[in-house]
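*Asks:*
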Amino acid sequence: MIKIYLAEDQMMIAQALQLLLELEEDFEVIGTAPNGTQALHDILQLHPDVALLDIEMPGLTGLEVATQLALLKQPVKIIILTTFARKEYFKQAINTQVAGYLLKDSPSETLAKAIRAVVTGQTIYESRLVKDMFTTKEPPLTKRELEILRVMKTTATTKEIAEKIFLAEGTVRNYISAILSKTGTTSRLEAVMLAQENGWI
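In the numbering used here, each number is its position in the sequence shown, counted from 1, plus 50.
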């Protein structure tokens, strides 16, 4: 079972989301909160696999909760679930390295797939927001992801990339998955070409 924690300050939305999630046979909602302060406390106590966080909540925002959990090196996978398609929020979420960022108007099956994907180490970002990021010169990637992209220009296999930057192959695969998700590309070559076109590498 995938243990899920839900933080949402609008009661009707929270109840609807919980009902939808609990329809999935492999999901278990182990806790909910109407504010970020309670969410942070509960997540540290309950240790869910995935935490679904709204952004604008009383107390701490969802992004502030994600930041605190990252600083505390908590293994929980964070998915930001919000109505706000704001570039500044999305950029902050990327910098916090959340596992997912989805809009509330996404189909319910998209959320279920995203939860299962982030548990396996994948990164799932709303494609509309990824495309919007390309209106800025700043890359939506971390320094390590940019480093891997540079190596990908001249290296064909995951094993060779791992050897060059001294990481495990599984870790490199997770980074590559994140790169493809964040850039909205479907192959390594496409990701490298996009990065070169935008002057990221």
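Cβ coordinates follow ideal geometry from the N, Cα and C atoms, glycine included.
1) Whole alpha helix (DSSP H) runs in the segment 149-237 with 4 or more residues, listed along the chain?
2) Report yes or no: do three or more beta-carbon pairs, one from the segment 198-205 and one from the segment 93-112, lie closer than 8 Å?
3) With distances taken Cα to Cα, identify the nearest neighbour of E96 among G112, E78, L113.
4) Would G234 be called buried (16 or more neighbouring beta carbons within 10 Å of its own) or exposed?
5) Spatial neighbours of E219 within its chain, please: CB distance less than 8 Å, with the 5 preceding and 5 following residues excluded, ordered by chain position.
6) Could you tell me how far apart the beta carbons of L152 and L131 are, in whole angstroms, since I believe they sit closer than 8 Å?
7) Which residue wins for smallest C-alpha separation from A162, given the options V100, F140, K137, S227?
8) Alpha helix (DSSP H) containing V115: first to last residue?
9) Tell me whether A206 is buried or exposed, calling it buried when 16 or more other Cβ atoms sit within 10 Å of its Cβ.
10) Kindly indicate which three-state DSSP category E106 falls into: helix, strand or coil?
11) Tell me the rounded alpha-carbon separation between D92 and P84.
12) If you draw a straight line from the C-alpha of G171 to the C-alpha of Y55, how long is it?
*Replies:* So, from the listed chains and residues:
1) 158-169, 177-183, 193-202, 208-215, 219-233
2) no
3) For the sequence presented, residue 96 should be read as Leu rather than Glu. Measuring from the Cα of L96, the nearest candidate turns out to be E78.
4) buried
5) T208, K209, A212
6) 5 Å
7) V100
8) 112-121
9) exposed
10) coil
11) 12 Å
12) 18 Å
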